[in-house]
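Contents: one structure, followed by commentary.
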Amino acid sequence: MQPRILNYLIAAVFVALIFLTIIFVTAILPATTFQPEATAASHIYTASEWRGREIYKREGCVYCHTQFVRYQDREMGEMVQAGDYLNETPHLLGTERTGPDLSNIGGKYPDAWHWAHHVQPRSVKPGSLMPSFSYLKDSEMKDLVAYLQTLGKERELAARRRKKPTHESAAGGHAAAPAQGPLTWLEAPQEMRDEWKRISKNVDTNNSAIANSGRGIYMQNCAQCHGVTGRGNGPVSSSMIKKPANLTRPFYKGYTDALYYWRLKEGVTGTRMPRWGRSLSEQQLAYLVAFIKTLPVNAATPSSEVEVVNYSQLDQPDVMSKNYEQISRLTEIKDEYPEQLGGGRH
Amino acid sequence: MQALTNLWRAVFSDEPFSASRNFLICAIFYLVFGMLFGLIASLLMYSPDLIHGIPQLAFGRLRPAHINTVLIGWLSMGYVSCMYYIVPVLAGRKSLWSERLGNITLFLWNLTVFVGVYSILNGYTEGREYAELNGPFDWLVLGALLLVGLNVYMTIFTGTEKKWYVSLWYFMGALFWFPIVYVIGNRAFVQFTGLNDAIAGWFYGHNILGMWFTVGGVGILYYLLPRFSGNPLYSHTLSMIGFWTIGMFYAPTGTHHILQSPVPEWLKAIAVISSVFLLIPVLTVQVNFFMTLKGKWHLMADHIPMRFAMAAGLAYLLTCMQGPFQATRSINWYLHFSNWVVGHAHLALLATFSFIVFAASYFIIPKITGRKIYSRSLAIWHFWLSFIGWIVMMLSLTIAGLIQAAGWHFTLPYDQWVMEMVPYFIVRTVSGFLLIAGQVLYMLNIYKTVFSKSAEPLPESPTGIAYV
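For the protein sequence lines, the chains are A and B, in the order given. Under the working numbering, residues 4 to 349 are what the first sequence spells out, in order. Under the working numbering, residues 416 to 883 are what the second sequence spells out, in order.
Quick look at the structure:
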C-alpha cells in the first residue's frame with residue numbers, strides 16, 4: 004500500500020472513531036444509563052387507548068401540541084417526570100405549541116366536549132385555530148378521546164395523593180402555621196426545598212429577633228411595591244399592571260418557608276418581582292422569609308383601591324398625589340394595628 | 416417504441432454528468448411540490464375551515480409532507496446533483512465513477528420520495544418529527560445514500576487529482592456521517608423507549624442539518640466562491656478547522672431541542688456547550704466567505720449565481736448567530752415551543768442551503784448542457800422573489816413566535832393571544848406565494864435550458880459570469 008493512501012486511511016479511521024464515540028455518548032449511551040423508574044403516571048394503554056394514540060400520531064397532533072410541562076409553564080398542571088414516559092414510544096413530546104400542552108388534559112373535559120371539539124373546534128372554543136377532524140370515523144374518534152382522557156390523569160391523582168398534608172408535615176417546625184386546606188398543593192421545586200433545608204439549619208425563621216433583622220431588608224427592598232404593611236399597595240404598585248402580592252392574604256399563610264425562599268430567590272415569572280437571589284445573600288433571604296411570616300393575616304385588600312385608577316387617562320401628578328395620600332394613610336394604619344406589625348404570631 | 420428507448424436512454428444514461436442534470440431536474444420538481452404543501456399548510460394556520468373533510472390535506476399531514484419533500488426530495492437531491500458535478504471536476508475525471516449507477520440511484524431516490532410522501536399524506540407515518548418516513552422508506556433512503564457515497568468515494572479515489580480540495584473533504588464527511596445519523600435517528604436497528612426515543616429522535620432531527628445540509632452546503636460554497644470570484648480560497652487551514660469542529664461539535668447538540676424535558680442533565684449540558692462551540696466552524700466559514708470575496712463584491716451586480724451565493728452566505732451568518740444563542744438555557748427557556756424556531760428553520764434550510772443549490776445550479780447547468788441559461792430576467796426574478804420571500808417569511812414567523820412565547824410565559828388565556836398571531840400568519844402566506852412564484856420561474860428557466868432544441872454555444876467564462 005502506498006504511504007500516501009495509508010495516511011489517508013489512518014485519518015479516515017481516526018475520523019470514524021471520533022465521530023462514533025461522540026454518537027455513542029450522546030445517542031446510544033443515554034439509552035443504557037438513563038433508565039428512569041416507572042412512576043404512577045406511566046400509563047399502560049388499553050387496546051382502544053393505544054389505537055387512539057396511533058390516530059394522534061397519524062393526524063400529526065404533535066406538530067401543534069406538546070406533551071411536557073416545563074418549570075416555567077405555570078397553570079399547566081403537574082410537572083412531568085422522566086419515569087412518566089416509559090410507555091411512550093414513539094415519543095410525542097413535540098417542539099412547537101400552537102395549541103395548548105396536553106400533558107395533563109385527561110379528565111379536564113367530558114368525552115362529549117372532546118368529541119364536539121374534534122368535529123368542529125370553534126363550536127366549543129371560539130377563535131381556535133385547530134383544524135376540524137370531522138373525517139374521523141366514530142370508532143376512531145372514540146379511541147382518540149379515550150387516549151386523550153388518559154393523559155396526565157394518573158399524574159394529577161398521584162400528585163394529589165403525594166401532597167395531601169399529613170399531620171407531621173403540616174406541623175413542620177415548632178410554631179409553623181397549620182397548612183390551610185386547599186392551598187397545600189403549593190410547593191417549591193425540589194432543588195429549592197433541598198437548598199432551603201440546608202440554609203434553614205442555620206437560621207430559625209420562627210425567631211422574632213431574626214424576623215426583626217428581616218424587617219430592615221424588607222423596608223429597603225420590598226416596601227416600595229409590597230407596602231410597609233405587606234398589603235401589596237406600596238407607592239410603586241400604582242403604576243404596575245400586575246399588582247404586587249398582598250402578603251397579608253390568607254393564601255400566603257399556606258406558603259412553606261421553602262416556597263417563600265424560592266419566590267424571593269428566583270422572582271415570580273410574569274410579574275415584576277425580581278430575582279433577589281442575585282443581590283441578596285442566602286442569609287438575608289432567610290431573614291426576609293422570617294419577617295414575611297410575621298406579617299398579619301388580613302382578608303381586607305386595600306390594594307383594590309389602587310386598581311381603580313383608570314390607566315387610559317393616567318394623570319401623572321394626580322397619581323403621585325394619590326400615592327402620597329396612601330403612604331400617609333398607611334403610616335396611620337400602623338397605629339391602628341400595632342400588635343400585628345410588631346411581631347405577628349410569635 | 417422509439418420514444419420508450421429514448422426515455423430509457425435518458426433515464427439510465429451513461430453520458431457524462433447526466434446524473435447531475437437528472438438529479439437537479441427532479442429536485443426542482445420536488446421543490447415546487449414541497450413548497451405547495453407548505454403553502455396550503457400556511458393557509459390552514461389561520462383559516463382552519465378552508466379545507467374540510469379531506470384527511471390528506473389536513474395540517475397535521477401536510478406539514479410532514481412539506482418537510483420530507485423539501486428535505487429528502489429537493490435539498491438532498493439538489494446536493495447530490497451538485498456533488499455529482501463538483502466531485503468529478505475536482506477529482507480530475509471526465510465523469511462520475513459510474514454515471515449509470517448515479518442514474519439508478521436517482522430512480523431509487525425518486526421512488527422513495529414519491530411513494531414516501533404519498534404514504535405520509537395518507538397517514539402512514541412514524542410520527543417522529545423530521546423522520547416521518549416509515550421503515551421501508553428509511554431503508555430505501557439509506558440504500559440510495561450509500562450508493563451516492565459509493566459513487567462519490569470511488570470517483571475521488573479513481574481521480575487523477577491527488578491533492579484533494581477542501582470541498583471533497585466536506586462531501587466525503589457528509590456522505591460518511593449522514594448514513595450513520597440516518598440509521599440511528601430513524602431507529603432502524605434498535606427501538607428506544609420513552610425519552611430515549613426522543614433523545615435519538617432529536618439527535619437525528621438536528622444532525623440532518625448539521626452533518627448533511629451544513630457539511631454538504633459548505634462544501635458546495637467552498638467550491639463556488641473561488642470559481643465565481645476568481646480569488647483563491649482565503650484559508651485552507653480555516654476550512655479544515657471548520658470541517659473538524661463540525662464533526663466534533665455538531666453531533667451532540669440534538670438534545671437542545673428538548674432542553675426543559677426530564678432527560679439527563681449531563682446530556683443537556685453537553686448539548687448546550689457544543690451548540691455554543693458551533694460558533695467556531697461558523698466563524699471559519701464566515702471568515703473564508705468574506706475574505707475570499709474580498710474586492711469582488713461588485714460582481715454581484717452582474718453575476719446572478721454569485722448573488723445567490725452571497726445571499727446564502729449572509730443568511731448563514733444570521734442563522735448561525737441565532738442558533739447557538741437559542742440553544743442556551745436562558746434563551747431557549749423563553750423561545751422554545753414558538754414559531755421563532757420555525758422561522759429559524761426556514762432561515763437555515765430555505766435562505767441558506769436552498770440558495771446555495773440555486774447558485775450552484777445556475778453555474779452547473781450551463782456547464783453540463785453547454786447552453787446559456789434560458790432567460791436572465793427569469794433568473795433575476797427568481798432571485799428577488801426568493802430573497803424578499805424569505806425575509807418576509809422569517810420576520811413574520813419571528814414576530815409571531817415572540818407573541819406566542821410571551822403568551823405562554825405570562826400564562827395569558829390561550830384564546831386571546833393566538834388571534835394576535837393571525838396577521839403574521841397571513842403575511843407568511845404572502846411570502847409563501849412570493850417564494851413559490853419564484854420557484855416556478857426557476858423550474859421554467861432550468862427546464863427550458865435543459866430541454867431546448869436550440870443550442871446556443873456557451874461563451875467562454877471561467878467564473879460563469881456570462882452563463883446567466
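A virtual CB, placed ideally from N, CA and C, is assigned to each residue, including glycine.
Can you have a look at Gly-109 of chain A and say buried or exposed, based on whether 16 or more other CB atoms are within 10 angstroms of its CB?
-> buried
Since I believe Tyr-290 of chain A is in contact with Gly-237 of chain A (beta carbons under 8 Å), could you give me their beta-carbon distance rounded to a whole number of angstroms?
-> No, Gly-237 of chain A and Tyr-290 of chain A are not in contact; Cβ-Cβ is about 19 Å, not under 8 Å.
Would you mind sorting Met-721 of chain B into buried or exposed? The rule is 16 or more other CB atoms within 10 Å of its CB.
-> buried
In the DSSP assignment, what are the bridge partners of Phe-591 of chain B?
-> According to DSSP, Phe-591 of chain B bridges with nothing at all.
Contact list for the segment 122–151 of chain A against chain B, Cβ threshold 9 Å | Gln-123, Pro-124, Arg-125, Lys-128, Pro-129, Gly-130, Ser-131, Leu-132, Met-133, Pro-134, Ser-135, Phe-136, Ser-137, Tyr-138 and Leu-139
Out of A:Ser-211, A:Arg-252 and A:Asp-104, state which residue places its alpha-carbon closest to the alpha-carbon of Ala-78 of chain A.
-> Note that residue 78 of chain A is Glu in the sequence shown here, rather than Ala. Ranking the options by Cα distance to Glu-78 of chain A, first place goes to A:Asp-104.
Residues of chain B with a CB under 7 Å from the CB of Thr-272 of chain A: which are they?
-> His-824
Could you tell me how far apart the beta carbons of Val-485 of chain B and Gly-449 of chain B are, in whole angstroms, since I believe they sit closer than 8 Å?
-> 4 Å
Selected residue, minimal CA-CA separation from Pro-299 of chain A, among A:Glu-99, A:Tyr-255, A:Asp-146 and A:Tyr-221 = A:Tyr-255
Okay, do the segment 260–268 of chain A and the segment 819–832 of chain B touch, 3+ Cβ pairs below 8 Å being the bar?
-> no
Do we get a CB-CB distance below 8 Å when we pair Lys-541 of chain B with the residues of chain A?
-> Correcting the residue identity first, residue 541 of chain B is Glu in this sequence and not Lys. Yes, Glu-541 of chain B counts as interfacial toward chain A.
For Glu-194 of chain A, name the three-state secondary structure that DSSP assigns.
-> helix
Under 7 Å from the C-beta of Pro-93 of chain A: neighbouring residues of chain B | Glu-541, Gly-542, Arg-543 and Asp-612
Could you give the distance in angstroms between the alpha-carbon of Gly-574 of chain B and the alpha-carbon of Gly-507 of chain B?
-> 5 Å
Using 10 angstroms around the beta-carbon of Thr-137 of chain A, count the other beta-carbons present and answer buried if the total reaches 16, otherwise exposed.
-> It is worth fixing the name first, because residue 137 of chain A is Ser in this sequence and not Thr. Flag for Ser-137 of chain A reads exposed.
Counting pairs of beta carbons, one from the segment 769–782 of chain B and one from the segment 631–650 of chain B, are three or more of them closer than 8 Å?
-> yes
Quickly, what does DSSP pair Glu-99 of chain A with across the bridge? List them, please.
-> B:Phe-752
Residue from B:Ser-676, B:Ser-811 and B:Leu-764 with nearest C-alpha to Gln-75 of chain A | B:Ser-676
DSSP three-state assignment for Arg-786 of chain B, whether helix, strand or coil | strand
With 8 Å as the C-beta to C-beta threshold (strictly closer), list the residues of the segment 671–692 of chain B near chain A in chain order.
-> His-672, Ile-673, Gln-675, Ser-676, Pro-677, Val-678, Pro-679, Leu-682, Ile-685 and Ala-686
Member of B:Thr-813, B:Leu-810, B:Ala-442 and B:Tyr-500 whose CA lies at the smallest distance from the CA of Ile-635 of chain B | B:Tyr-500
Pull out every residue of the segment 49–73 of chain A whose Cβ sits closer than 8 Å to any Cβ of chain B, in chain order.
-> Lys-60, Arg-61, Glu-62, Gly-63, Cys-64, Val-65, Tyr-66, Cys-67, Thr-69, Phe-71 and Arg-73
Rounded C-beta distance between Tyr-857 of chain B and Ile-455 of chain B? I'm assuming under 8 Å.
-> Between Ile-455 of chain B and Tyr-857 of chain B the Cβ distance is about 20 Å, and since that is not below 8 Å, they are no contact.
Starting from Gln-84 of chain A, find everything on chain B with Cβ-Cβ shorter than 7 Å and list it in chain order.
-> Pro-677
Could you confirm whether any beta carbon from chain A is found closer than 8 Å to the beta carbon of Met-808 of chain B?
-> no
Pull up the DSSP beta-bridge partners for Pro-277 of chain A, would you.
-> Bridge partners of Pro-277 of chain A: none, in fact.
Sheet register partners of Pro-872 of chain B (DSSP bridge) = B:Arg-786
Pro-277 of chain A at chain B interface by Cβ criterion, 8 Å | no
Of the residues B:Val-598, B:Cys-497 and B:Gly-620, the one placed nearest Asn-437 of chain B, counting alpha carbons only | B:Cys-497
Can you give the Cα-Cα distance for Gly-475 of chain B and Gln-417 of chain B, rounded to whole angstroms?
-> 44 Å
Looking at the C-beta of Ile-13 of chain A, does it have a partner C-beta in chain B at a distance below 8 Å?
-> no
Residues, ordered as in the chain, of the segment 25–41 of chain A that lie near chain B by beta-carbon distance below 8 Å = Ile-25, Ile-26, Val-28, Thr-29, Ala-30, Ile-31, Pro-33, Ala-34, Thr-36, Phe-37 and Pro-39
Endpoints, alpha helix (DSSP H) assigned at Cys-67 of chain A | First-last for Cys-67 of chain A: undefined, no H or E at that position.
Span separating the alpha-carbon of Lys-246 of chain A from that of Arg-281 of chain A | 22 Å
Output yes if chain D places a C-beta closer than 8 Å to the C-beta of Pro-299 of chain A; else output no.
-> Included in the structure are the protein chains A and B, with no chain D among them.
Would you call Arg-158 of chain A buried or exposed, if buried means 16 or more other Cβ atoms sit within 10 Å of its Cβ?
-> buried
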